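Undergrad: Below you will find the structure I want to go over with you.
In this note's numbering, the protein residues as written are 511 to 674.
Here it is as structure tokens:
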């Protein structure tokens, strides 16, 4: 009988040691998972904060610019679409977009590729002719029933990259 109790006690002790080691490993693994999840969550929060800051200068997030259009009984979303369409219509000129103050180079006219409306008065746009590219800052004026009036404020033309 003593041997049975001794064997049961040893078995119980070994079982408890096994349980302790196993639960410690499980706990450490879960702590690592929690730590990784916290790191990913922080990265996601930083990304959202960066996106918010990246869109800081945009008509969609500028309530004062939106209010300007509402005071003039215009919907800023419709105005945004109209302005972008009117900007791209200027690309139909055979000498390129008239907002880009550069003559065609090697027979390739400069065309506006993409644009971002910053507020109720300014647009920043990217242009290229296939080889060279740059950016323009444009002032715009919207009137109901009339085409958008554009005025180029400043341009930047980047140098052609040389291959080393």
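Every residue gets a Cβ at the ideal spot worked out from N, C-alpha and C, and that includes glycine. No experiment lies behind these values; they were computed from the predicted model shown.
Does the distance from the C-beta atom of residue 660 to that of residue 650 stay below 8 Å?
TA: yes
Undergrad: Nearest CA to the CA of residue 644: which residue from 621, 630, 658?
TA: Nearest C-alpha to residue 644: 621.
Undergrad: Classify residue 575 as buried or exposed, calling it buried when 16 or more other Cβ atoms lie within 10 Å of its own Cβ.
TA: Flag for residue 575 reads buried.
Undergrad: Name the DSSP bridge partner or partners of residue 625?
TA: 635
Undergrad: Using 8 Å as the threshold, is the region 553-565 in touch with the region 581-591, meaning 3 or more CB pairs across them?
TA: no
Undergrad: Indicate whether residue 628 and residue 662 have their beta-carbon atoms separated by less than 8 Å.
TA: Their beta carbons are not under 8 Å apart, which means residue 628 does not touch residue 662 by this criterion.
Undergrad: Do residue 633 and residue 652 count as a contact pair if the criterion is CB distance below 8 Å?
TA: no
Undergrad: Using 8 Å as the threshold, is the C-beta distance between residue 594 and residue 625 below it?
TA: Between residue 594 and residue 625, the C-beta gap is smaller than 8 Å, which places the two residues in contact.
Undergrad: So, for residue 601: in the same chain, excluding its five sequence neighbours on each side, which residues have a beta-carbon less than 7 Å away from its beta-carbon?
TA: 607, 621, 622
Undergrad: From what residue to what residue does the beta strand (DSSP E) around residue 650 run?
TA: 643-651
Undergrad: What are the partner residues of residue 618, as DSSP defines its beta bridges?
TA: 615
Undergrad: Is residue 531 buried or exposed, if buried means 16 or more other CB atoms sit within 10 Å of its CB?
TA: exposed
Undergrad: Count the other CB atoms within 10 Å of the CB of residue 524; is the residue buried (16 or more) or exposed (fewer)?
TA: exposed
Undergrad: Roughly how many angstroms separate the alpha carbons of residue 539 and residue 533, rounded to a whole number?
TA: 10 Å
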